[in-house]
């Protein structure tokens, strides 16, 4: 008999060689139906693997990433089997599970191509094969045998991979007629794969190397129930409608240019206004909270990043250094603002009485990302952080944390992110030598974070071992209108940078002391945050953020002069307004301008021109009645004030 | 006889071989005393050179740069003669006239040094030699003879220079005992050099090459009258007091860090606030004037600058391109914003109806300058331009020019730059092939500039041949409080960039047309402009610009609580205020805070605490009486509004 320990600590004995699936069956037939993979002694594995000694066991259903991963990985093999049936002689690269679904990179062979039109056929074949319910059979095999097998099959991609493996570690998984080089884990059989959708095609260089052959990547997603797939497709449709890249183009917020370079956003006037509205809002809030705003250059001498440690850590993956025509200097595009801020801290002496020093900058940083990883505004090569550093005494840590959490909560409320969670990342207590800074300081900092979170009534998850080597941290995740989670604010304690830059303050004892540095961002990056805002609101921004607050719609040319008068009044009240003086029916003008997501539509005709009024329509809500133009201006300002109130 | 034509067109005959000095004597003995050099047939030359054929002649007195140049160049030789008398065997590098005075680079010889303490002795020797009044004697000499002369003297610096000269073009100038390799021109004799001041010493590598010997550079200045020197020394003292580098440090406005890199300013909180006040002010003005604000990255692909032509023109002297770890891309730090703005223009279609498109950005650019050329904020490697581009139709050029001149004048008035001049730079009419764009367009543009300047009552100088190859321009120079001139605003027409970026708009004829681009800046660079502001005001900024508006001075500790109350009231009115709660006498507090250039000092004691008032002192003006704190807040806002009014 062997002893199995479950996640809740309960222990139970089973016969040696029992599988995770059999254990699930013994617990309940329902569980056995839902379980997809298992973690045995910390390693994710097939449900069908026998357990040969005492072990810890966690069973994974759909809700666990491990469960979905096995499901989608098995779906990928199923797709490969279907492809082999439809395209005899097709060759296979790699076929992993990904965050949402799976793909397989394939080489259909000389003169054969797979197009969007073929996806339905492949999908049908997959369903047909899945219905037969073939088990996934795992086999351990020697390197030589593996080479022979795939050489015989003529699959040079697999033989290249095998060539790089060590002998004795090679496993194959076979299901139906398809046998693949694979580490697993897999489902017990193809049977649970009930709902399948192949979602797209892309070209992908073999091993990501542009000098090698371009393979065809086929993407798909699958679910245990048709209803889940249907919901997912609705979600995708909704996400597509909210795609910030599409809305950004429609509303002329930002653009990219191949001449400027990939991943380098150009903010068009309306987008720049939106971005600046966010910056102005946060600047006002920061000033009231005692932050000092600074401004630093976008490059720094390599020696700066050698001092900070960034060069050693990230140098190779960064944009390369910039040389000067003479004098042999080397500069880096700045990947972070903190080294510059340390130099500003060091530019003047500091007394214990003036700490905390809260230093903030909307600092643009540059980080190299491979072109394939770039995505709209969420993954770019240049972004502006709403960065700040708190330099404080050890006894101020708790207050500083409370003040930052308070600020984050305020900003989330103003921006209607009401569903959020927070994660506290602490040291791995069993591995203390990994971290720099004294035990005493770490304990103080960890305690401060936990207490500050409690003081602000945050719901938190505490994760041990997730702290950075230089200090513990607190991260915020917000859920958007269609349930997606985005990581936003972060607060990190840092004992490292103050050492490296020899930061000091004069204590009440007239001795030099080391301040603690806290890194914090709320939006994270202006670019990514604007993307999240757009996707969350589907482009219908709150009034205070909207680059244009209102559009004037004269019902005919006759009222264009009156429209100009209304425009002037609103402009003098600093309300950015447009006129739509196209020669179109008022119904069409209203429809078109609703699509532009302008919050207020002001219809004007004979009556309004006579009364000095506007007929107000709110976007998506319709008629709000007639108002004197001045009253409308006051109404807009009052609404904005209310939005920012809290 | 030969015919001499004077600048006013008058002609007169003289005997062949007459010198410019003799001509001056014939005109008036007074003129002969004041004249320092002459331009004969367009070439600046010695007064004592005989004129052998018909020629044009311009005589230069002190007011002409050419006159001062000859004066200071001769003074440099005089210093060399003094040095040779005091340090026998001393060797000479080069000794030119500069913008304000002259220098000579010398090698005193092994084991000998020249220090600040020696300057007075050298100065005395120069005066002694000048009083003797040696003539400057010019000699033309062959290369071989020149080599022999300086080899015999053992001056390896001069022989190196001679070695690089062509035979037959070599001239020597001798005065007293000093004979120098020199192109001239010089004064007739040392006699006019009445007032001399040696101003400083510096190390200078021979030929600017850090691998070669470091010579001693001795700086000096000289005048024809002692009173002129005295005035100059007072001016220097005043300029030193206003030096923005000193004031920037005193007021903690900005700093530089060797780790960040030379010429890369770090804006400390107060400086960043000042800079942002300027940006916010101008942004508000621009929005009211229909500008669209955009934001672009600080790098661009090399291909962008190949398209714009900047790479070909400036590539070699720029910061070197930035490579990526993969993908073989090459980016440049952006040296100008215009290529990015062209890409923004091209991101959306444009109709003739929406032109002019006025696109503005506070865009930070990077330009390589040699470390020796860097100077505080006036010569940096990274600066933020208040850049804008007007894309307009040809028929809009005049209106656009008027609108920009109007904007420049408004900004100058608000900032109290009331003494300024403007220069219109036109084509060289004799050299039209140098310029791109059609004759018709050039004529239109030049006419538009001249008319716009006249419409705005500008006093202008028109200079032919000074236009850029891509279009004519208008530049503004302001005079500061101690008479120095600074170039600020510039407006440039550009026919080149629209071609290179293929910019178009749809005309009323539904055909594609090429817009004209106008580049314009008002401040030029935020960095340089802040320097000019500081030097103009000696750090006493107008209220609206001052980073801190007031400081509260409690007369004793007892009133610190009341000080905090006053602070809160002013903070809630967005008036940045400090408390000086040091345990010092009120007189000392007032003196110290006057030095910090804070516009208002608010003294509080028993009476003020009881009455809810503050005793207001204006910086440099003294007591302004008691005010309710709220009234003071309103008073500050009213004063700022008045400052920005006009």
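Chains as they are written, first to last, in this note's numbering: chain R, 35 to 680; chain H, 35 to 680. Even glycine gets a Cβ: it sits at the ideal position worked out from N, Cα and C. Only a predicted model underlies this, so the values are computations on that prediction, with no experimental measurement involved.
Do we get a CB-CB distance below 9 Å when we pair residue i with the residues of chain H?
i                      : result
residue 359 of chain R : yes
residue 295 of chain R : yes
residue 646 of chain R : no
residue 479 of chain R : no
residue 501 of chain R : no
residue 73 of chain R  : no
residue 459 of chain R : no
residue 341 of chain R : yes
residue 386 of chain R : no
residue 408 of chain R : no
Spell out whether any CB of chain R is found under 9 Å from the CB atom of residue i.
i                      : result
residue 328 of chain H : yes
residue 593 of chain H : no
residue 332 of chain H : yes
residue 351 of chain H : yes
From residue i to residue j, what does the alpha carbon distance come to, in whole angstroms?
i                      : j                      : result
residue 531 of chain R : residue 398 of chain R : 20 Å
residue 356 of chain H : residue 358 of chain R : 11 Å
residue 658 of chain H : residue 610 of chain H : 20 Å
residue 56 of chain R  : residue 63 of chain R  : 10 Å
residue 161 of chain R : residue 277 of chain R : 31 Å
residue 80 of chain H  : residue 181 of chain H : 24 Å
residue 479 of chain H : residue 527 of chain H : 7 Å
residue 84 of chain H  : residue 112 of chain H : 24 Å
residue 351 of chain R : residue 196 of chain R : 28 Å
residue 325 of chain H : residue 438 of chain R : 36 Å
residue 86 of chain R  : residue 94 of chain R  : 20 Å
residue 404 of chain H : residue 144 of chain H : 30 Å
residue 133 of chain R : residue 463 of chain R : 30 Å
residue 234 of chain R : residue 156 of chain R : 12 Å
residue 429 of chain H : residue 536 of chain H : 20 Å
residue 12 of chain H  : residue 106 of chain H : The structure shown does not extend to residue 12 of chain H, since chain H spans only 35 to 680, so no value can be given for it.
Applying a beta-carbon distance threshold of less than 8 Å, which residues of chain R neighbour residue i?
i                      : result
residue 405 of chain H : 361
residue 536 of chain H : Within 8 Å Cβ-Cβ: nothing; residue 536 of chain H doesn't reach chain R, min ~12 Å.
residue 663 of chain H : By Cβ distance, chain R contributes nothing, its closest Cβ being about 19 Å from residue 663 of chain H, past 8 Å.
From the options, pick the residue whose C-alpha is nearest to that of residue i; which is it?
i                      : options             : result
residue 224 of chain H : H/320, H/210, H/333 : H/210
residue 385 of chain R : R/563, R/556, R/427 : R/427
residue 377 of chain H : H/338, H/396, H/560 : H/338
residue 219 of chain R : R/513, R/104, R/539 : R/104
residue 191 of chain R : R/124, R/450, R/203 : R/124
residue 90 of chain R  : R/627, R/40, R/82   : R/40
residue 221 of chain R : R/488, R/72, R/139  : R/72
So with CB distances below 7 Å, who are the chain H contacts of residue i?
i                      : result
residue 303 of chain R : 326, 327, 328
residue 335 of chain R : 293, 294, 295
Interface residues of chain R around residue i at Cβ under 7 Å?
i                      : result
residue 374 of chain H : 294, 300
residue 402 of chain H : 358, 359
Along chain H, in chain order, which residues have C-beta atoms closer than 8 Å to that of residue i?
i                      : result
residue 17 of chain R  : Outside the shown range of chain R (35 to 680) lies residue 17 of chain R, about which nothing can therefore be said.
residue 309 of chain R : 329
Can you pull the chain R residues whose beta carbon is under 9 Å from the beta carbon of residue i, in chain order?
i                      : result
residue 286 of chain H : 381, 382
How about residue i: is its Cβ closer than 8 Å to a heavy atom in the ligand GTP?
i                      : result
residue 425 of chain R : Ligands in the displayed structure: none, and consequently the ligand GTP is not present.
Residues, ordered as in the chain, of the stretch 230 to 251 of chain H that lie near chain R by beta-carbon distance below 7 Å: Correct list: empty, as no residue qualifies.
For the stretch 551 to 574 of chain R, list every residue whose C-beta sits within 8 Å of some C-beta in chain H, in sequence order. So nothing in the stretch comes that close.
Positions along the stretch 411 to 424 of chain R whose CB lies within less than 7 Å of some CB in chain H: 416
Selection of the stretch 578 to 607 of chain R by Cβ proximity to chain H, strictly under 7 Å: none
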